[in-house]
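The listed protein sequences derive, respectively, from chains R and F. Just so you know, my numbering puts the end of the first sequence at 340, numbered straight through with nothing missing. Just so you know, my numbering puts the end of the second sequence at 340, numbered straight through with nothing missing. Have a look at the structure below before the remarks.
2 protein chains.
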Amino acid sequence: MRVGVFDSGIGGLTVVKSLLEHQLFEEIIYFGDTARVPYGVKDKNTIIRYSLEAVEFFKNFDIDIMVAACNSVSAYAIEEMREVAPFKVFGVIEPGALALQNAIKNKNAQILILGTKATINSQKYTRLLNSYGYENLLSLAPSLFIPIVEEGLFEGEILQSAMDHYLKHIQQPDALILGCTHFPLIAGPLQKRFPDAKLIHSGEAIVQYLQNYFSFTKKFSETKLKFFASENPDGLKEVAKKWLKL
Amino acid sequence: MRVGVFDSGIGGLTVVKSLLEHQLFEEIIYFGDTARVPYGVKDKNTIIRYSLEAVEFFKNFDIDIMVAACNSVSAYAIEEMREVAPFKVFGVIEPGALALQNAIKNKNAQILILGTKATINSQKYTRLLNSYGYENLLSLAPSLFIPIVEEGLFEGEILQSAMDHYLKHIQQPDALILGCTHFPLIAGPLQKRFPDAKLIHSGEAIVQYLQNYFSFTKKFSETKLKFFASENPDGLKEVAKKWLKL
């Protein structure tokens, strides 16, 4: 099976990492819209427009399914993408919410949802989790985490100041949804701040979801990888090499 | 005279502020490419492509000149814009370098240039200032300053941590070029860090440049203002109201 992974930039490589580790696919084709990154500060119509262009891009390839690794795309554009795509389209929000349901049985648990402004404003996580019976939800858009991660500052004083700024009045949650592809890269400091919280990672969640959906029986010890970007594809390939240890 | 001001986002409003204060224009039409902001992390070809689209946009208006408020656009796209524009196109880099030349007579002065990655990589300031005889130049791209300003954190711990991160090993300069439209908004903390430095502001520099170029004799106590954005124009108008005290 061949999968096209779409992200606003390089962040979706954290999802590719999970797909690779679980050896689910024969081929992974990645497209990062690096010329227009970030999506998380853009509005719904713009995100839909750009996401439909990504569907067009993947029509040039013989893929079986498309995964929107980007939470902002998953929040706003999945329905529209499904209408025009000749392949199945999966987002990461429903998988994330289901992963939380699997991990946290207590419906009174405190759930903290971190995401981009677009993802948080969409209220997609909140509505899904409410429909599963969870009521103690807190949503937050710590916007600066994203450029801090992009600057490669996965630890240190700036990240600590930013965590203080956004999280200082936040009670210890029972679970923390890493609702942006960048946040797994600072999972360590976040876990340290919230030591008892179960962390929900989009990459792991979509793997679990696809495994349930397709009941894969075959594993691929070698996966063909192709990387595309709307600008500076070499930069993307370099980050891929580092993060995915290629 | 009517001017079209182009910026990657809202930052160029700091330039509009200077144009307004000096009452040079009958009408200012602003276009912020908010759907694709920021430009400063994008590569040369992308910046040129987007800037040429902005020229097309302004062809719909009866403007006399166009000002690229964005330093990244000024660094990479001015020549290309001039080739296709039916009006005069001005960037902010040459004006900034000339403003520095007016302010700093000592050619051995220490000059610190702060800008986006695109602006710094282009070396446009460096080459111009070298050609004027300045040799002690240091260029730096403190990338996080931009999202910090966009988050409205014009002071406080995150900004201080970021200033420590980028500037801690930097000697006190004699002049500091604020080579990004966002930086005038943190001019206070930067001046506090470098108390003896003369700060060069793109908005003031372009005003000075245009005054020399056109020898304006008329002042406009009322300026017609129009704001356009490639997404969320209402958001842009709100920021304009606040920053420009409309």
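From the three backbone atoms N, C-alpha and C, an ideal C-beta is built for every residue, glycine too.
Annotated as proximal: residue 294(R) and residue 190(R), with beta-carbon spacing under 8 Å. Chain R has a Cβ within less than 8 Å of the Cβ of residue 129(F).
In this structure, DSSP gives residue 297(F) a helical state, which the three-state scheme calls helix. Assignment of residue 231(R) by DSSP, reduced to helix, strand and coil, places it in the strand class.
If you ignore the 5 residues before and after residue 105(F), its C-beta comes within less than 6 Å of the C-beta of 275, 276, all in its own chain and listed in chain order.
Around the Cβ of residue 328(R), a 10 Å sphere holds fewer than 16 other Cβ atoms; the residue is exposed. By the Cβ test, the region 210 to 220 of chain R is not in contact with the region 241 to 259 of chain R, since fewer than three Cβ pairs between them sit closer than 8 Å. Remark: fewer than three beta-carbon pairs, one from each stretch, lie closer than 8 Å, so the region 328 to 338 of chain R and the region 130 to 150 of chain R are not flagged as touching. Cβ atoms of residue 337(R) and residue 111(R) come within 8 Å of each other, at about 6 Å. Between residue 117(R) and residue 204(R), the gap from beta carbon to beta carbon reaches 8 Å or more. Using a 10 angstroms sphere on the CB of residue 267(F), the tally of other CB atoms reaches 16 or more, which defines it as buried. Residue-level contact by beta carbon fails for residue 101(F) and chain R, as no gap is shorter than 8 Å. Under DSSP, the beta-bridge partners assigned to residue 99(F) are 124(F), 161(F).
When C-alpha distances from residue 103(F) are compared across 284(R), 279(R), 136(R), the shortest belongs to 136(R). Closer than 7 Å at the C-beta level to chain R, one finds no residue of the region 204 to 225 of chain F.
Shortest Cα-Cα distance from residue 139(F) to any of 165(R), 283(R), 326(R), 174(R) involves 326(R). Under the DSSP definition of a beta bridge, residue 184(F) partners with 161(F). Scanning the region 168 to 217 of chain F for uninterrupted beta strand (DSSP E) segments of 3 residues or longer gives 182 to 184, 205 to 209, listed from N- to C-terminal end.
In its chain, beyond the 5 residues on either side, 319, 334 have a beta carbon closer than 8 Å to the beta carbon of residue 340(F). Only residues of its own chain outside the window of five on either side were considered, and among them 112 have a CB closer than 6 Å to the CB of residue 298(R), listed in chain order. Shown here, residue 253(R) sits in a helix according to DSSP, grouped into three states. Under DSSP, residue 321(F) shares a beta bridge with 124(F).
Under the 8 Å criterion on CB atoms, residue 154(R) is classed as non-interfacial with respect to chain F.
Judged by beta-carbon spacing, residue 178(F) lies beyond the 8 Å limit of residue 165(F), meaning their Cβ atoms are not closer than that value.
In the DSSP assignment, residue 113(R) falls within the alpha helix (DSSP H) that extends over 107 to 115. Residue pairing from DSSP places residue 272(R) in a beta bridge opposite 208(R), 295(R). By the Cβ neighbour-count rule, residue 180(R) is exposed, with fewer than 16 other Cβ atoms within 10 Å of its own. Within the same chain, 208 come within 6 Å of residue 234(F) by CB-CB distance, once the 5 residues on both sides are set aside.
Per DSSP, the continuous alpha helix (DSSP H) segment holding residue 145(R) begins and ends at 138 to 152. Taking 8 Å as the threshold, the shortest C-beta distance from residue 140(R) to chain F falls below it. The beta-carbon of residue 325(F) is placed less than 8 Å from the nearest beta-carbon of chain R. The C-beta distance from residue 197(F) to residue 286(F) rounds to 19 Å, too long to fall under 8 Å, and the pair is not in contact. Nearest neighbour of residue 144(R) by Cα position, chosen from 220(R), 175(R), 188(R), 254(R), turns out to be 175(R). In the DSSP assignment, residue 336(R) falls within the alpha helix (DSSP H) that extends over 327 to 337. DSSP places residue 314(F) outside any alpha helix (DSSP H), giving it a letter other than H or E.
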